[in-house]
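Residue numbers (our numbering): 4 to 114. A virtual CB, placed ideally from N, CA and C, is assigned to each residue, including glycine. Have a look at the structure below, then the notes.
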Amino acid sequence: MTLAPYFENKLQGMLDHPLVGDARQCGLLGALELVADKGTKARFDPSLKLRERLSRIDWDTGIVFRAFGDNILGFAPALTFSEQEFDILFERLRLSLDMLLKQPEVAKAVE
Numbered sequence: 004m005t006l007a008p009y010f011e012n013k014l015q016g017m018l019d020h021p022l023v024g025d026a027r028q029c030g031l032l033g034a035l036e037l038v039a040d041k042g043t044k045a046r047f048d049p050s051l052k053l054r055e056r057l058s059r060i061d062w063d064t065g066i067v068f069r070a071f072g073d074n075i076l077g078f079a080p081a082l083t084f085s086e087q088e089f090d091i092l093f094e095r096l097r098l099s100l101d102m103l104l105k106q107p108e109v110a111k112a113v114e
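Here's what the structure looks like:
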């Protein structure tokens, strides 16, 4: 059974998060685009060092992703991932993004 549709559904489910402006995938490769303004897709100011902030948070929550620039998070889960492991990944990812959004400088940038 292929889990690509399940992965796609999980990625698309992240679009309701205030920091996520786009979600895309091809098979088991996926990406989320983080934006300061969902309407205009405006990026965050590079001086916020969003990638570094999120890397520190994700280390604590146990997620691994690849950052492309300051605003794209790339995912390439193992081909052996199960639905349960995808659930854990996206639960932790949402927690990480929530923690990032609680940082005053980041919260101010999305207001």
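- Shown here, Gly-24 sits in a strand according to DSSP, grouped into three states.
- Taking Glu-108 as the centre and dropping the five residues before and after it, the same chain places the C-beta of Leu-51 closer than 7 Å to its C-beta, in chain order.
- Leaving aside the five residues that flank Arg-27 on each side, the residues in its chain whose CB is nearer than 6 Å to its CB run, in chain order, Ala-34.
- From the listed residues Leu-6, Glu-88, Leu-98, Asp-25, the smallest Cα separation to Asp-63 is found for Leu-98.
- Spatial neighbours of Lys-13 in its own chain (CB-CB distance under 7 Å, excluding positions within 5 residues in sequence) are listed in chain order as Phe-89, Phe-93.
- DSSP, reduced to helix, strand and coil, places Gly-42 outside both helices and strands of the structure shown, so it counts as coil.
- Inter-residue distance for Pro-80 and Phe-71 is about 16 Å (C-alpha atoms, whole angstroms).
- Arg-69 sits exposed, since fewer than 16 C-beta atoms from the chains shown fall within 10 Å of its C-beta.
- Secondary structure within the region 37-88: the alpha helix (DSSP H) runs of 4 or more consecutive residues, fully enclosed, are 53-64 (chain order).
- The beta-carbon separation of Leu-53 and Asp-25, rounded to 15 Å, does not stay under the 8 Å limit for a contact.
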